[in-house]
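Undergrad:
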Amino acid sequence: HAENLLHVPLLVIHGDADAAVHVENSRHAVKLLQRWGYDIQYHEMPGWAHEDLGQRLAIADWLLQHRRVSEPKTVRLRSTDLAGASAYWVSVRAFENPAEIVRVNAQVLQPGVVRVDSTNVAALALNLPKPFRGADDKLEIIWNGEAHEIGLNGGEALLGAAPKAALSKRPGLEGPLPAVIATPF
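If you read the sequence shown in the working numbering, its first letter stands for residue -12, the second for the next number, and so on.
In structure tokens:
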């Protein structure tokens, strides 16, 4: 789910003697995220295993120096369920197929104009920050290559439609089975 970390600064600290989680896992993930342009710092601790690593003060200092972008022009997300299918100003409201992964890449091209490329999305909502909305209460949204002009309702634009089946997957009723066991009735 690396897409979801696009605007989140990352700090990875790993002991090179870690027998529980091999250090190569972190090295590989960090190289990929660096290649994709993510804000990531990696510190490998020689001789340390899978423990505290003695880095509490360094972590606190790093956290105080970094902030996630609060209003990005580009939003990427990937999720296996509707509970995790929202980021910043994009929220997926319905799957096309609940057995597949949801992917969204949304970008403000200019104020009032948004491009959304998605897979496995039947319905979504865009709640753009004011600087991205444009002058009137309408957005031009290019969703998977098709242009739509959508009026804003309280700052939110809704696209698509949830399936009509009575028990269709939707927020609050998306599953999976472990959610049924862990959710109070």
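Backbone N, C-alpha and C define an ideal beta-carbon position, used for all residues, glycine too. What you are looking at is a predicted structure, and each value in this text was computed from that prediction instead of being measured.
Along the chain, where does the alpha helix (DSSP H) containing Ser13 start, and where does it finish?
TA: The residue given as residue 13 occupies position 26 in the sequence shown. Counting along the chain, the alpha helix (DSSP H) containing Ser13 begins and ends at Val10 to Arg22.
Undergrad: Could you tell me the distance, in whole angstroms, from the CA atom of Val17 to the CA atom of His(-6)?
TA: Here residue 17 is taken as the residue at index 30 of the sequence shown, counted from 1. Here residue -6 is taken as the residue at index 7 of the sequence shown, counted from 1. Near 15 angstroms, if we compare the C-alpha coordinates of His(-6) and Val17.
Undergrad: For Gly138, write down the residues that DSSP places opposite it in a beta bridge.
TA: The residue you call residue 138 lines up with position 151 of the sequence shown. In DSSP, Gly138 forms a bridge with Lys125.
Undergrad: Report yes if the C-beta distance between Leu64 and Val103 is below 9 angstroms; otherwise report no.
TA: Here residue 64 refers to the residue found at position 77 of the sequence shown. Here residue 103 refers to the residue found at position 116 of the sequence shown. Not closer than 9 angstroms, so no.
Undergrad: For Pro(-4), collect the residues of the same chain with a Cβ closer than 6 angstroms to its Cβ; drop the 5 residues on either side in sequence, then sort them by chain order.
TA: Looking up residue -4 in the sequence shown gives position 9. Excluding sequence neighbours, Pro(-4) sits near Asp26 and His53.
Undergrad: One question on the structure: do Glu127 and Glu133 come within less than 9 angstroms of each other, judged by their Cβ atoms?
TA: Counted from its first residue, the sequence shown places residue 127 at position 140. Counted from its first residue, the sequence shown places residue 133 at position 146. Result no, Cβ atoms of Glu127 and Glu133 do not sit closer than 9 angstroms.
Undergrad: Assign Leu111 to buried or exposed, taking buried as 16 or more other Cβ atoms, counted over all protein chains shown, within 10 Å of its Cβ.
TA: Position 124 of the sequence shown, counting from 1, holds the residue named residue 111. Leu111 should be labelled buried.
Undergrad: Could you work out which residue in Gly142, Thr67 and Pro98 is closest to Val108 when comparing CA atoms only?
TA: Indexing the sequence shown from 1 puts residue 108 at position 121. Answer by Cα proximity: Thr67.
Undergrad: Give the secondary structure of Ile88 by DSSP, where H, G and I count as helix, E and B as strand, and everything else as coil.
TA: For this step, residue 88 is matched to residue 101 along the sequence shown. If DSSP states are grouped into helix, strand and coil, Ile88 belongs with coil.
Undergrad: What's the call for Arg120, buried or exposed, on a 16-neighbour Cβ count within 10 Å?
TA: Within the sequence shown, numbered from 1, the residue matching residue 120 stands at position 133. Arg120 should be labelled buried.
Undergrad: Of the choices Asp124, Glu31 and Trp49, whose alpha-carbon is the least far from that of Leu139?
TA: As a working mapping, residue 139 is identified with position 152 in the sequence shown. Nearest of Asp124, Glu31 and Trp49 to Leu139, Cα basis: Asp124.
Undergrad: Which of the three DSSP states is assigned to Trp76 in this structure?
TA: As a working mapping, residue 76 is identified with position 89 in the sequence shown. Coil, per DSSP.
Undergrad: Using DSSP with H/G/I as helix, E/B as strand and the rest coil, what is Leu173?
TA: Outside the shown range of the chain (-12 to 172) lies residue 173, about which nothing can therefore be said.
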